[in-house]
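Here's the structure, in C-alpha cells; my notes come after.
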Amino acid sequence: MMTGRSQAEGYNNLIQSPEVSSSSDVRNFRFLDIPSVTRNFPRARSTYRTTFARPVNNYGLVLASIDNDMAIRALVPENYPATDKSKCLLNISTRTAVISVAVIFLSSIFALSLVYSSFPKLKPDEKQHIKIPWNIEDAKSLSLVLNQYKKDHYYSVLSGVFLSYVFLQTFAIPGSLFLSILSGFLFNFYTALVLVCTCSALGASLCFLLSQLLGRRLIWIYFPEKAKEWAMVVDKHKENLLNYIIFLRVTPFLPNWFINLTAPVIGVPLVPFALGTFLGVAPPSFVAIQAGQTLHDMSANDSAFSWTSIFWLGVFAVVSLVPIFLKKQLKEKFQ
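Per UniProt numbering, residue 1 is the first one in the sequence shown, and the count goes up by one each step.
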C-alpha cells in the first residue's frame, strides 16, 4: 500500500505525464487508491483542481462548490433513497443544468405567447386585462374578457388557462389560487375540477424535475447534513409516502411551492408525488372552484376559504392519514 505522500506524487505525475495532453484524455482511473481524492476524474474540459476534498464526520465531504460536480456527487450518501434516473441527473454538470432550466423557462414563455397570439383581435381596453391574475380584482377583470370569447373560442381559452396554470406551478410562481377561482367561473364544476387537479399535478411534477435537475445539487452543497436527515426520514416512511403527500396537499402547513422544490431533494419518488398531488389538491380546489362561481360577488377582503370549508379540509386531512394507522395496527397484530 502506498503512503499518502507517494500517492499524491503519483497523481501529480499522472497529470503531468506527456501522455495526458488535455483534460479529455483523463478517464476513469479506478485503480488509483488516493485518500481524500475523487477517483472518477471529470471528463471533457472539467477542471482537475476541484477533485480534492477533506473527509469529515459521517456526512461526506465538506469542500464543494457549484463548479465541483464530482464533489457534489460525493456529498450524497451511498444509501440515499434515489432512483437510477435521479442519480444520473447528478452526473449532469451544473452549467448544463442551469442552461436547461433557462431553456425550459424561455420555451414556456414562447408557448404562452403562441396561445396569446391565437386569441381573436382584442379591443385596447381588453388587452390590459389579459395577464396572470395576482388578486381578486385581476381575476374579475380577466374573467369578463375571457367569458366573452369562450363561446366562439372555447379551446383557446381552455388552453390559455391550462398553460398559465402549469407555468405558475412549474416555476413556483404565486397566483395559481386565483386561476382556480377563475376556472370555477369560466367552466362547469367537473371540468374545472379535473382541469385544476391535472394542471396542479403536471406543473408540480415539472417543478419536481427542475428541482431534481438543479435544486438538489444546491441543497447538497449548502445543507448536506439537513438534506441527509430529511432523506433518511423519507426512507423510513417510504411505504406511506402517497398518504403523506395527500395530507400535505390538503393541509396548509407547508406551501405547495416548497413541497414541489424539496421533494426530489429528500428522495421522494415522482410517481407517489404526482399521484398524491392530483388527489391531494382536489379538496382545496373544490372550495376554490365553488368560490369562483360567485367570483363577482367577492371583494378584495373576502377569502375563498370559509370556516366551514376549513373544517371539511381538516376532515379530509384526517381521512388521508387513516390508512397509515390501519396499516400499522394490522402490522403489529400479525407480528
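All C-beta atoms, glycine included, are put in the ideal place defined by N, C-alpha and C. Quick caveat: nothing in here was measured; it's all calculated off a predicted structure.
Take residue i as the anchor and find which of the options has the nearest alpha-carbon.
i: Phe325; options: Phe311, Ile310, Leu248 and Tyr244; result: Tyr244
i: Ser320; options: Thr277, Leu158, Val287 and Ala291; result: Thr277
i: Leu186; options: Val161, Lys121, Gly203 and Pro272; result: Val161
i: Ala111; options: Val233, Ser164 and Asp152; result: Ser164
i: Cys199; options: Phe171, Val103 and Pro224; result: Phe171
i: Pro238; options: Pro272, Ile130 and Phe316; result: The amino acid occupying residue 238 in the given sequence is Lys; Pro does not appear at that position. Of Pro272, Ile130 and Phe316, the residue nearest in Cα terms is Pro272.
i: Ser285; options: Leu270, Leu261 and Trp312; result: Trp312
i: Tyr190; options: Ile104, Ile259, Ile173 and Val287; result: Val287
i: residue 389; options: Tyr149, Asn256 and Leu206; result: Here the chain has residues from 1 to 335 only, and residue 389 is not among them.
i: Ile104; options: Leu209, Lys131, Ser156 and Tyr116; result: Leu209
i: Val98; options: Gly215, Ile109, His153 and Tyr222; result: Gly215
i: Thr94; options: Lys226, Gln293, Ile219 and Ser156; result: Ile219
i: Val115; options: Asp138, Tyr154 and Ser100; result: Tyr154
i: Ile109; options: Ser156, Val166 and Phe119; result: Val166
Straight-line CA distance for residue i to residue j?
i: Thr96; j: Pro283; result: 39 Å
i: Asn147; j: Thr308; result: 29 Å
i: Val145; j: Ala274; result: 33 Å
i: Lys121; j: Ser159; result: 17 Å
i: Asn188; j: Ser143; result: 14 Å
i: Leu270; j: Leu213; result: 13 Å
i: Ile173; j: Lys328; result: 38 Å
i: Pro323; j: Phe178; result: 32 Å
Can you say whether residue i is buried or exposed, counting buried as having 16 or more other CB atoms within 10 angstroms of its CB?
i: Lys236; result: exposed
i: Ser24; result: Reliability of the predicted coordinates at Ser24 is poor, the pLDDT of 43 falling under 50, and the value obtained from them is presented with this limitation in mind. The residue in question, Ser24, is exposed, as its Cβ has fewer than 16 Cβ neighbours within 10 Å.
i: Gln128; result: exposed
i: Trp134; result: exposed
i: Val318; result: exposed
i: Pro224; result: buried
i: Ser113; result: exposed
i: Gly314; result: exposed
i: Asn79; result: With a pLDDT of 47 at Asn79, under the threshold of 50, the modelled position of that residue is not reliable, and the figure given next carries that caveat. Asn79 comes out exposed.
i: Ile136; result: buried
i: Lys140; result: buried
i: Lys228; result: buried
i: Phe253; result: exposed
i: Val281; result: buried
i: Phe258; result: exposed
i: Phe193; result: For the sequence presented, residue 193 should be read as Leu rather than Phe. By the 10 Å Cβ count, Leu193 comes out buried.
i: Ala102; result: exposed
Less than 8 Å between the CB atoms is what I'm expecting for residue i and residue j, so what's the real figure, rounded?
i: Ser180; j: Ile289; result: 6 Å
i: Gly267; j: Ala291; result: That belief does not hold up - the Cβ atoms of Gly267 and Ala291 are roughly 36 Å apart, past 8 Å.
i: Ser211; j: Pro264; result: 5 Å
i: Ile246; j: Leu279; result: 5 Å
i: Ser183; j: Leu195; result: 6 Å
i: Ala204; j: Asn256; result: 7 Å
Beta carbon of residue i: closer than 7 Å to some heavy atom of the ligand COA?
i: Pro269; result: Questions concerning the ligand COA fall outside what the structure shown contains, since it holds no ligand whatsoever.
Segments assigned alpha helix (DSSP H), at least 4 residues, entirely inside the segment 130 to 182: 136 to 149 and 154 to 170
Could you tell me which uninterrupted beta strand (DSSP E) segments, each at least 3 residues in length, are contained entirely in the segment 216 to 265, listed from first to last along the chain? none
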